[in-house]
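Numbering (the numbering used here), first residue to last: 2 to 214.
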C-alpha cells in the first residue's frame with residue numbers, strides 16, 4: 002500500500018499546489034500564533050478552498066478553546082482536526098464530539114514509555130501522530146526539525162492508524178519509513194528553506210522520495 006504523506010504548515014498557494022501536484026494526501030494548516038507557519042482564518046479559508054477532493058485539509062491546533070475552534074470551523078472547511086498540545090484523552094473526546102470531525106492526536110516521543118501513553122488515546126482519537134519531543138526550552142510543540150529513535154516504532158501495533166513525524170526530510174524519509182514501518186508521514190520544517198517558508202522544490206523532492214518506496 003502506498004505511503005501517505007502530509008505536508009503541514011502550508012501558508013502559500015504555491016506550496017499548496019506543489020503538495021497537491023506531488024501527491025500529498027493531507028494538507029496541514031497551522032492555527033497557533035507562536036508558530037512561523039501560523040495562518041489567519043481568512044487565508045486558511047482561501048487555501049482550504051483550493052484543496053481538491055480526495056485530499057484532506059487538516060487544522061492543527063494547540064490546546065484550543067471551544068470558542069476558537071468554533072470560530073475556525075465557521076470560516077475554514079476542515080476535514081480533520083489535529084491536536085498538538087497537552088490535550089487529555091477526555092479533551093480529545095470532547096472536541097471530537099463537539100465538532101463531529103475526526104481527530105488526530107499528536108504524541109511527543111523520546112522513549113518507549115512515551116509510546117506506551119498512546120494506549121490512552123486509542124479509544125478517542127481517529128489517528129495517532131508520533132512526533133519528536135521538543136528540545137528543552139522550545140516554543141513550538143512540533144515542527145522543530147528534531148527526530149526521535151525510529152526503532153522505537155519497529156514492530157509496534159496500534160488499534161488506530163498512525164503517522165510518523167519529527168525531523169523528516171527528502172533525504173531521510175525513506176529510511177524513516179523502512180525502520181519504523183510507517184504507512185503515513187508528516188513533514189513541516191523539513192521542506193522549508195527558512196522557518197515558515199515552504200520550498201516547492203523540497204516539497205516535490207519529499208513526495209517523490211515517499212512515492213518511490
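Using N, Cα and C, we set each Cβ at its ideal position, and we do this for glycine too.
**Report entry** Nearest neighbour of residue 59, chosen from 8, 2, 134 and 198 [CA to CA]
**Finding:** 8
Query raised in the report: Does the segment 49-63 come close enough to the segment 82-101 to have 3 or more Cβ pairs within less than 8 Å?
Result: A contact exists between the segment 49-63 and the segment 82-101.
**Report entry** Nearest-angstrom Cα separation, counted from residue 198 out to residue 206
**Finding:** 16 Å
Query raised in the report: Based on the DSSP secondary-structure assignment, which residues constitute the bridge partners of residue 149?
Result: In the DSSP output, where bridge partners are listed per residue, residue 149 has none listed.
Query - CB-CB length for residue 187 against residue 203, believed under 8 Å - result: Residue 187 to residue 203, Cβ: 15 Å. No contact.
Requested in this report: Can you say whether residue 179 is buried or exposed, counting buried as having 16 or more other CB atoms within 10 angstroms of its CB?
Outcome: So residue 179 counts as exposed.
Requested in this report: Starting from residue 185, trace the beta strand (DSSP E) both ways and give me its first and last residue.
Outcome: 185-188
Query raised in the report: In this structure, does DSSP put residue 72 in helix, strand or coil?
Result: helix
**Report entry** For residue 57, the three-state DSSP class (helix, strand or coil)
**Finding:** strand
Query raised in the report: The beta strand (DSSP E) spanning residue 128 covers which residue range?
Result: 128-133
Query raised in the report: Do residue 56 and residue 98 come within 9 Å of each other at the CB atom, strictly closer than that value?
Result: With a cutoff of 9 Å on beta-carbon distance, residue 98 and residue 56 are scored as not near each other.
Query raised in the report: How about residue 108 and residue 116: do their beta carbons lie closer than 9 Å?
Result: Taking 9 Å as the Cβ cut-off, residue 108 and residue 116 qualify as a contacting pair.
Query raised in the report: Do you know offhand how far residue 74's Cα is from residue 44's?
Result: 13 Å
Query raised in the report: Between the Cα of residue 27 and the Cα atoms of 189, 123 and 66, which residue gives the shortest distance?
Result: 189
Query raised in the report: Mapping DSSP to helix, strand and coil, what is residue 11?
Result: coil
Requested in this report: Report the three-state DSSP secondary structure of residue 107 (helix, strand or coil).
Outcome: strand
Query raised in the report: Where residue 76 and residue 42 are concerned, what is the direct C-alpha to C-alpha distance, given to the nearest angstrom?
Result: 7 Å
Query raised in the report: Along the chain, where does the beta strand (DSSP E) that runs through residue 30 open and close?
Result: Annotation: the continuous beta strand (DSSP E) that includes residue 30 extends over 27-32.
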